[in-house]
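S.K.:
In our numbering, the protein residues as written are 38 to 458.
1) Taking C-beta to C-beta, are residue 159 and residue 176 nearer than 7 Å?
2) What is the rounded straight-line gap between the Cα of residue 106 and the Cα of residue 66?
3) Give me the Cβ distance between residue 166 and residue 179, rounded to the nearest whole Å; I'm assuming they're in contact under 8 Å.
4) Tell me whether residue 355 is buried or exposed, calling it buried when 16 or more other Cβ atoms sit within 10 Å of its Cβ.
5) Over the uninterrupted alpha helix (DSSP H) stretch that includes residue 138, give me the two end residues.
6) Quick one: Cα of residue 350 to Cα of residue 405, how far?
7) Do residue 271 and residue 182 have their C-beta atoms within less than 7 Å of each other?
8) Output the boundary residues of the beta strand (DSSP E) element that contains residue 376.
9) Out of 449, 416, 49, point me to the one whose CA is closest to residue 140's CA.
10) Quick check on residue 280: buried or exposed, where buried means 16 or more other Cβ atoms within 10 Å of its Cβ?
11) Would you call the region 221-230 in contact with the region 196-207, where contact means no fewer than 3 C-beta pairs closer than 8 Å?
12) Going along the chain, which unbroken runs of the alpha helix (DSSP H) with 4 or more residues stay wholly within the region 85-111?
13) Look up residue 431 in the DSSP assignment and say whether it is helix, strand or coil.
14) In the structure shown, what three-state DSSP assignment does residue 222 receive?
15) Following the continuous alpha helix (DSSP H) through residue 445, name the residue where it begins and the one where it ends.
16) How far does the alpha helix (DSSP H) with residue 172 in it extend, from its first residue to its last?
17) Tell whether a beta-carbon distance below 7 Å holds between residue 98 and residue 89.
18) Classify residue 153 as helix, strand or coil using the three-state DSSP reduction.
19) I need the straight-line Cα distance from residue 123 to residue 47, nearest angstrom please.
20) Could you give the DSSP three-state label for residue 243: helix, strand or coil?
21) When the Cβ atoms of the region 299-316 are set against those of the region 331-346, are three or more pairs found closer than 8 Å?
22) Applying the criterion that 16 or more other CB atoms from any shown protein chain within 10 Å of the CB defines a buried residue, is residue 305 buried or exposed?
23) Got a sec? Which residues, its chain only, sit under 7 Å from residue 211 by beta carbon, not counting five neighbours each side?
24) Looking at the strands, I want to know which residues DSSP matches up with residue 76.
25) Residue 457: buried (16+ other C-beta within 10 angstroms of its C-beta) or exposed?
26) Starting from residue 358, follow its DSSP beta bridges and name the residues at the other end.
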């Protein structure tokens, strides 16, 4: 076999994480809300059966929630991130080649396995991940990453949770009833355009002429068509590519009017960005901030402003980023506005090993500060994000998003470990 990919996808991941340490939730309707407790972003099968849709605002489904005793949780992203790391570490046992596609998805290379062992191997992966982490997964296996995605979609509807699409007859049968809108990377807009041309299923696209697709649309869609034919065009990306820009932003739990509270929020985001930059070994030479009021308040004037602050030299030093956002805030803050959101962006990123120190920089000071932030990051990794903070971030963080229904940090705080009774 030329190529064999497996896509492992965690089922209702955020909900599944909550169930691991709260087994009483099994078999009950459960939803997890977005930041600021806005809308449903994860649902158990029982919640889906009640008609709760992805993205439904909480206030619109309150009656369903109350009537059916739906258990509602605020998002707990640090906990979910830790559980994701456990799943990914487990998957590394099954293949030397792993691409972490998202917080709850990963591709594996299973090329070395005989074809007649792939299904049993997929079932074994599913069994071990559940045993070691408590997270249920679905597994799709195919000759291309796109067909592995299709197989995974079908696996979620099967009792064993594993589907293999390698034989041509099986592939065609699966694609014949597979909506174009559900094909990886196509979405609703392209599916509408394709339907006007008579292409309504994944099989229609697979059987279309690739050169015609490239001329009519673009090379990306042509590549998708080839992948559906079983011709692999996408390889595993085992090394996470550094991002070209980074952003940290959050809506406030309640309107903010104080410049000091805004300064604390922006300092928090600047610190978060600096840590992300160091993690991917990048620097930034341009920082941009924005603040805005709510566009939905009819009786309050809308105000939004932003400011770009260039740095003297590329850096991932937290103190420099905090100074930059503080100076920018002074230029755009408007007294009396009811601010609802603020954020910071790091632009013009450059790998740290490509930064040429300025003649005017203190080279020994740079080395000391590099060691300082290495220690800073290690301590926060070991004891949890926020164990060490800059005073400018504040300590109470009254601006934070609402998370009144947040579960405990079961895996990150000794004081919140579940107790055996």
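Quick reminder that beta carbons are idealized off the backbone N, C-alpha and C, glycines included.
M.R.: In brief:
1) Yes. Within cutoff.
2) 8 Å
3) Rounded to the nearest angstrom, the Cβ distance from residue 166 to residue 179 is 19 Å, too far for a contact under 8 Å.
4) Buried, because 16 or more other Cβ atoms sit within 10 Å of the Cβ of residue 355.
5) No alpha helix (DSSP H) contains residue 138, which is instead part of the beta strand (DSSP E) from 135-139.
6) 17 Å
7) When the beta-carbon positions are compared, residue 271 and residue 182 come within less than 7 Å of each other.
8) 376-388
9) 49
10) Residue 280 is exposed by the Cβ-count criterion.
11) no
12) 99-104
13) Residue 431 falls in the coil class under three-state DSSP.
14) coil
15) Where residue 445 is concerned, there is no enclosing alpha helix (DSSP H), given that its DSSP letter is neither H nor E.
16) Run containing residue 172: none; DSSP gives neither H nor E here.
17) yes
18) Helix at residue 153.
19) 12 Å
20) helix
21) no
22) buried
23) 187, 191, 202
24) Its beta-bridge partners are 94.
25) exposed
26) Answer is none; residue 358 lacks a bridge partner.
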